[in-house]
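Chemist:
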Amino acid sequence: MMMADNKSMAMLPEEMITEVLVRLPVKAILRSRAVCRRWAALVSSEEFCAAKEAAGAGSATEPVKLLFLSRTARFDSTEVRPSDDDGGMPLLTLNGMRRDEARMTSTPCRGLTLLHDPYGGFYVLNAATRAVTMLPPCEDKILHSTTAGLGFDAKTKESKVVRLFIGDGVTPWEAFTRARCEVHTLGGDRWRTISVEGVPCKFAEAALFGAVCDKLAPVFADGFLHWLIHPKFHFATRPAAAVLSFSVADETFSWVRAPPFDWEGAHLTELDSGLCMVREDLLPRASVLSSLEIWKVREDNGGWSLEHRVDLVRLGYKTGYVLTVPQYVRVVGKQGKKMILATSFGRVFAYDLMSQTLELILRLGGISRYETERPVARISLFKERLTPVQRHGAKLQ
Numbered sequence: 001m002m003m004a005d006n007k008s009m010a011m012l013p014e015e016m017i018t019e020v021l022v023r024l025p026v027k028a029i030l031r032s033r034a035v036c037r038r039w040a041a042l043v044s045s046e047e048f049c050a051a052k053e054a055a056g057a058g059s060a061t062e063p064v065k066l067l068f069l070s071r072t073a074r075f076d077s078t079e080v081r082p083s084d085d086d087g088g089m090p091l092l093t094l095n096g097m098r099r100d101e102a103r104m105t106s107t108p109c110r111g112l113t114l115l116h117d118p119y120g121g122f123y124v125l126n127a128a129t130r131a132v133t134m135l136p137p138c139e140d141k142i143l144h145s146t147t148a149g150l151g152f153d154a155k156t157k158e159s160k161v162v163r164l165f166i167g168d169g170v171t172p173w174e175a176f177t178r179a180r181c182e183v184h185t186l187g188g189d190r191w192r193t194i195s196v197e198g199v200p201c202k203f204a205e206a207a208l209f210g211a212v213c214d215k216l217a218p219v220f221a222d223g224f225l226h227w228l229i230h231p232k233f234h235f236a237t238r239p240a241a242a243v244l245s246f247s248v249a250d251e252t253f254s255w256v257r258a259p260p261f262d263w264e265g266a267h268l269t270e271l272d273s274g275l276c277m278v279r280e281d282l283l284p285r286a287s288v289l290s291s292l293e294i295w296k297v298r299e300d301n302g303g304w305s306l307e308h309r310v311d312l313v314r315l316g317y318k319t320g321y322v323l324t325v326p327q328y329v330r331v332v333g334k335q336g337k338k339m340i341l342a343t344s345f346g347r348v349f350a351y352d353l354m355s356q357t358l359e360l361i362l363r364l365g366g367i368s369r370y371e372t373e374r375p376v377a378r379i380s381l382f383k384e385r386l387t388p389v390q391r392h393g394a395k396l397q
C-alpha cells in the first residue's frame, strides 16, 4: 500500500505539488522535505521560495506574530522568542550577543531579520527556519555608533546589509561629520566601502546622528534603505531633505524631500511596501500624545500625503489603554489590515484600520522606567518565509 502511495506521488505533476505545498505553513513545508528527494529539491528551490513569498505577501488572514529578544541568565547571551511561545522553549539562543545591548530590525526583509550587538557584531536570522549566521567582523570596533539595515537587490536576488558609522575624529561631533558607509552581501566574506562624499550625501552625517541618538534603524521600502535626517543637526535652516535613501541595487545615495511639517521627533516605517513617516501630535499646552499621523511618499511626484490618523485619546476612552502617556508610540509595521504599535512601556498593540479598534498582543516584562528606548529595539514582526540564509564561513549557531 505504501509503495502504491509513493508511485502515486511520483506521478503527480510538479505544478500541482507546488500549488498544494505553498499553502502550507513553513513548519509543514520543512517537514515535507523528508517525504522524498524530489520534494526536498522542490521546496529548496528559488522558484518555490518565490512562490511561497508571493502566496504569503500581504495576506489579510495571516495572524499577527512577533519576535522579541529576551534575557537569559548570562549577560553575554540573548534568546529570540515568538510572541505565541507561552513561556516555552525559545526559537534559538545567540551566545556572544549581550542581553542588555541587543537590538533588531522591526520589519523582516523577505523573512530575514538583522540583529546587532554594539559590542559584538551583526547576525542575520530566518526565524521560521531557525537559520542564523554571523556576519564578518567589522574593522572598526565602535559599533555602538553604528546604524545598519537589511535590504534586497531584486536584480541580483541578493540580500545586503548596509551600515553607516562614525569616522575618525578628535571629538564626537567631528567623528559624526565624517560618516562612513559599508555594504556586506550575504554569503560574502567582507565589507565593502561605499563613498558618502559630495551632494546629496552630505546628509549622511545628519542621518547617522539621528539614528544613533534616537535609536532609529533604517527602513527598507521600494528597493531602498531609508534613514531619517535629523533636522537640527548642523543646519542653519530647515534642510530640503528629510530622508537619506540608499539604493540596494545601485549602491548609491539619494534623498527624499521634506514633508510639510516639522519632523523632529518623527520616525519612519514601511506600510504596504511604501515609505511612511509617523508624526506625533501633542495636546495643546501638554506634553502628552494626542494622535499619530502617518504620511506616505507619493510615487507620482515624491511629495508626502496624509494616509492615516490614529486618535490616541479616543482609543484610550474606548479601550482603557492609555497611549498618550508613554514617551513615544512607534509604528512597527503592518500585517493585513492591522497596524502594529509599540510603546516605550513594552506593550505592543494591533490597531485595526477598518474598525479602528485596539488589541493588546504582547507585553514585555522586566521593563524599567529608565529603559524607554529599549522595548522597540527588541521587537520585530515575524513573517514566515523560506528565504535561505547565505552563510559566511563557519560562524553559525
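Going by full-length UniProt numbering, 232 is the number at position 232 of the sequence shown; the sequence numbering is gapless.
All residues carry an ideal CB built from backbone N, CA and C; glycine is no exception.
All of these numbers come straight from a predicted model, not from anything done at the bench.
Quick check on the DSSP output: what are the complete alpha helix (DSSP H) runs of length 4 or more inside the region 63–134, in order along the chain?
Modeler: Runs found: none.
Chemist: Would you check if the region 96–108 and the region 21–29 touch, i.e. whether three or more CB-CB distances between them fall below 8 Å?
Modeler: No, the region 21–29 is not in contact with the region 96–108.
Chemist: Determine, using beta-carbon pairs with one atom in the region 146–159 and one in the region 126–133, whether at least three such pairs fall under 8 Å.
Modeler: No, they do not touch.
Chemist: Taking only runs of the alpha helix (DSSP H) that begin and end inside the region 266–326, which ones reach a length of at least 4 residues, in chain order?
Modeler: As far as the region 266–326 is concerned, its whole alpha helix (DSSP H) runs of at least 4 residues are 312–319.
Chemist: Under the rule that 16 or more other beta-carbon atoms within 10 Å means buried, what is Phe203, buried or exposed?
Modeler: Label assigned to Phe203: buried.
Chemist: So the alpha helix (DSSP H) Gly210 belongs to, where does it begin and stop?
Modeler: Per DSSP, Gly210 belongs to the alpha helix (DSSP H) from Ala204 to Asp214.
Chemist: Rounded to whole angstroms, what is the Cα-Cα separation between Ala102 and Met134?
Modeler: Whole-angstrom Cα-Cα distance: 14 Å.
Chemist: Go through its chain and collect everything with a Cβ distance to Glu251's Cβ below 7 Å, but skip five positions before and after it.
Modeler: Result list for Glu251: Val183 and Ile194, in chain order.
Chemist: Please determine if the region 35–49 and the region 63–73 are in contact, where contact requires at least 3 C-beta pairs separated by less than 8 Å.
Modeler: No: fewer than three Cβ pairs fall under 8 Å.
Chemist: Which partner residues of Tyr351 appear in the DSSP bridge assignment?
Modeler: Tyr351 pairs with Met339 and Leu358.
Chemist: For the beta strand (DSSP E) holding Arg257, just list the boundary residues, first then last.
Modeler: Unbroken beta strand (DSSP E) run through Arg257: Phe253 to Arg257.
Chemist: Below 6 Å CB to CB, which residues in the same chain sit around Lys157 once its five sequence neighbours on both sides are set aside?
Modeler: Correct list: empty, nothing qualifies.
Chemist: Which of the three DSSP states, helix, strand or coil, is assigned to Cys138?
Modeler: If DSSP states are grouped into helix, strand and coil, Cys138 belongs with coil.
Chemist: So what's Glu46 in DSSP terms, helix, strand or just coil?
Modeler: Here Glu46 sits in helix by DSSP.
Chemist: Can you determine whether any heavy atom of the ligand HEM sits closer than 7 Å to the C-beta of Phe152, and answer yes or no?
Modeler: As far as ligands go, the structure on display features none, and thus does not contain the ligand HEM.
Chemist: What residue from Phe345, Ala34, Ala206 and Leu125 has the CA that sits closest to Arg81's CA?
Modeler: When each option's Cα is compared against that of Arg81, the closest is Leu125.
Chemist: Using C-beta distances below 7 Å, list every residue in its chain close to Arg238, excluding the 5 sequence neighbours before and after it, in chain order.
Modeler: Cβ within range, chain order: Pro231 and Ala258.
Chemist: For Met339, count neighbouring C-beta atoms within 10 Å of its own C-beta (all shown protein chains included) and say buried if the count is 16 or more, exposed if not.
Modeler: Under this definition Met339 is a buried residue.
Chemist: Compute the distance between the beta-carbons of Tyr123 and Leu115, then report whether it is under 8 Å.
Modeler: Contact flag set, yes.
Chemist: Any idea what DSSP makes of Ala221, helix, strand or coil?
Modeler: Here Ala221 sits in strand by DSSP.
Chemist: Going by DSSP, what residues sit across from Phe152 in a beta bridge?
Modeler: Ser159.
Chemist: Go through its chain and collect everything with a Cβ distance to Arg378's Cβ below 6 Å, but skip five positions before and after it.
Modeler: Excluding residues within five positions, the ones whose Cβ falls inside 6 Å are Phe68 and Leu69.
Chemist: Who are the Cβ neighbours of Ser247 in its own chain at under 6 Å, not counting the five residues just before and after it?
Modeler: Same-chain partners within the cutoff: Phe224.
Chemist: Just the Cα atoms here: how many angstroms apart are Val163 and Thr146?
Modeler: Here residue 163 turns out to be Arg, not Val, going by the sequence shown. Going by the C-alpha atoms only, they are around 7 Å apart.
Chemist: Among residues of its own chain, excluding the 5 on either side of Ala4, which ones have a beta-carbon nearer than 7 Å to its beta-carbon?
Modeler: Here Ala4 scores only 45 on pLDDT, less than 50, and its place in the model should not be relied on; the value that follows carries that caveat. Closer than 7 Å at Cβ, skipping near neighbours: no residue.
Chemist: Quick one: Cα of Leu275 to Cα of Val297, how far?
Modeler: Rounded to whole angstroms, Leu275 to Val297 spans 6 Å at the Cα level.
Chemist: Spell out the partners DSSP gives Ala54 in its beta bridges.
Modeler: Partner(s): none; Ala54 has no beta bridge.
Chemist: By how many angstroms is the C-alpha of Asp222 removed from the C-alpha of Asp281?
Modeler: Roughly 27 Å separates the two Cα atoms.
Chemist: Opposite His230 in the DSSP bridges: which residues?
Modeler: The partner list for His230 (beta bridge, DSSP) is empty, contrary to what the question assumes.
Chemist: Look at Arg330 and Val376 and say whether their C-beta atoms are less than 8 Å apart.
Modeler: The answer is yes: Cβ separation under 8 Å.
Chemist: Beta-carbon separation of Arg110 and Arg385 under 8 Å?
Modeler: In this structure, Arg385 lies closer than 8 Å to Arg110 by Cβ.
Chemist: Please classify Glu79: is it buried, with 16 or more other beta-carbons within 10 angstroms of its beta-carbon, or exposed?
Modeler: The residue in question, Glu79, is buried, as its Cβ has 16 or more Cβ neighbours within 10 Å.
Chemist: Here's the rule I'm using: 16 or more other beta-carbon atoms within 10 Å means buried, otherwise exposed. How should Leu396 be labelled?
Modeler: Reliability of the predicted coordinates at Leu396 is poor, the pLDDT of 44 falling under 50, and the value obtained from them is presented with this limitation in mind. Leu396 comes out exposed.
Chemist: Which whole-angstrom value is the C-beta distance of Leu358 and Tyr351, which I expect to be below 8 Å?
Modeler: Confirmed, about 5 Å.
Chemist: Just mark Gln335 as buried or exposed, buried being the case when its beta carbon has 16 or more other beta carbons within 10 Å.
Modeler: By the neighbour-count rule (16 or more Cβ atoms within 10 Å), Gln335 is buried.
Chemist: Lys52: buried (16+ other C-beta within 10 angstroms of its C-beta) or exposed?
Modeler: With 16 or more Cβ atoms within 10 Å of its Cβ, Lys52 is classed as buried.
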